[in-house]
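For the sequence shown, the working numbering assigns the number 7 to the initial residue and increments by one for each residue that follows. Beta carbons are placed, not taken as given, at the ideal position from N, Cα and C, and that holds for glycine. Just so we're clear, the structure is a prediction, and the values are computed from it rather than from any experiment.
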Amino acid sequence: MGFMLLLVQLIALALTEPFKLNEIKAFSNPEDPGNVLVYMAIILIFTGFIFLVIKLNKKWIIQAFIFFAVGSTLYFVFIPFFSVGPYITLTIALSTDMILELGTVYYSIFILSAGLTILLYKYPEWYVIDTVGVIIGAGASTMFGISLEIIPTLLLLVALAVYDYIAVYRTKHMVALAEGVMDLKLPILLVVPKHWKYSFLTEKFDKEDREAFFMGLGDAVMPTLLVVSANFFVQASSYSVPFIGSINLPALGAIVGTFVGFTVLMGLVIKGKPQAGLPFLNSGVILGYVAGSLLAGSALF
């Protein structure tokens, strides 16, 4: 589980420069704290939407929505790596003033994204779910990480940690939500089997003793937002890492802090009870970011 969390963070960092060059981001004004309200509103609306669909027993709507989101995210993740020339283009004149150029590379990206999405639908085994989950998790982390400066990111992480605590321990609606959609076998979680013979296809979620550990994909994405944001917006001493690029001390501190929080979280998870991940992970990544910034001598905000 820890390896996949690290993989999401490293891939997200590697995607930062390609996303920047291709102008792939979620918000046009990264310093606006109002972006946090937009993000939280989307989460609350989507949560309410899922509960409504579950109550109406129309889970196929959730599947259709998630698979569309997966395919779209994969497409945007692959664009920075494949949209380089020269490549053959097909020019179509729709009118004298409208000319459409279609590059073969975009067909390839579409086919690859659609192929992975179809594979996920037809054969949602744990390693397929984990592979797709890591890719879209990293892509989403980069997209939002470069769209939110440090202050909005910190506000968002604190708000999400509080929300996750309330949703898991108080109202418990997040636990009910997870139980309602886990049987759909969607890439909204990461799966780590307890043994190599494990199959997610035959997993029975009504059992008390499960044969794998599960972590919501959001638990990997949210702390990674600060890792990406720190590396993208903070000016500090950095180190060059092969295949990843330059990583500064605040971002490194955030990565270390994430795993301190993750270690504490897993110590509770192995006891068998569902835990709210974000209070631990977000606290860890924030403290790690602060420590890294102090070591680098850079401004916190």
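Query                                                                                                         : Result
Reference Lys178; option with closest CA among Val140, Ala282 and Phe82                                       : Ala282
Touch test, the region 192 to 201 against the region 212 to 232, Cβ-Cβ under 8 angstroms, three pairs minimum : yes
Contact the region 257 to 277 vs the region 183 to 190: 3+ CB pairs below 8 angstroms                         : no
Contact belief for Met46 with Asp136 at Cβ below 8 angstroms, rounded distance in angstroms                   : With 8 angstroms as the limit, Met46 and Asp136 do not qualify as a contact, their Cβ atoms being about 28 angstroms apart.
Opposing strand residues paired with Asn254 [DSSP bridges]                                                    : Ser244
Proximity below 9 angstroms, CB of Leu301 to CB of Leu255                                                     : yes
Same chain, Cβ closer than 6 angstroms to Gly91, neighbours up to 5 away in sequence not counted              : Because Gly91 sits at a pLDDT of 45, beneath the cut-off of 50, its placement in the model cannot be relied upon, and the following sentence gives the value as read from the coordinates. Once the five neighbours on either side are set aside, Gly91 has no close Cβ partner at all.
Where Leu163 falls: helix, strand or coil (DSSP)                                                              : helix
Expected contact under 8 angstroms - CB spacing of Leu231 and Gly151 to nearest Å                             : 5 angstroms
Heavy atom of the ligand NAP within 8 angstroms of Lys277 beta-carbon                                         : The ligand NAP is absent from the structure shown, which contains no ligands of any kind.
DSSP bridge partner residues for Gly149 (one or two, in chain order)                                          : The sequence given here places Met at residue 149; Gly does not occur at that position. Answer is none; Met149 lacks a bridge partner.
The beta strand (DSSP E) enclosing Gly222, as first and last residue numbers                                  : Ala218 to Gly222
DSSP-derived helix/strand/coil call for Leu158                                                                : Note that residue 158 is Pro in the sequence shown here, rather than Leu. Reduced to three states, the DSSP call for Pro158 is helix.
Beta-ladder partner(s) of Pro199, from DSSP                                                                   : Ala218
Burial state of Ser147, where buried means 16 or more other Cβ atoms lie within 10 Å                          : buried
Check whether Leu154 and Ala32 have beta carbons under 9 angstroms apart                                      : yes
Beta-carbon proximity of Thr22 to Phe238, cut-off 9 angstroms                                                 : yes
Nearest candidate by alpha-carbon position, reference Leu163, set Ser252, Ala260 and Thr79                    : Ala260
Cβ contact (3+ pairs, closer than 8 angstroms) linking the region 56 to 66 and the region 110 to 128          : no
Enclosing alpha helix (DSSP H) for Phe286 [first to last residue]                                             : Gly283 to Ala302
Same chain only: Cβ atoms within 7 angstroms of Ile3, ignoring 5 sequence neighbours per side                 : Since the displayed the chain opens at 7 and closes at 307, residue 3 lies outside it and no answer follows.
DSSP three-state assignment for Glu23, whether helix, strand or coil                                          : helix
Which listed residue (Ala257, Pro86 and Leu160) has its alpha carbon closest to that of Tyr245                : Ala257
Closest by C-alpha distance to Ala144, when choosing among Ala20, Gly290 and Lys279                           : Ala20
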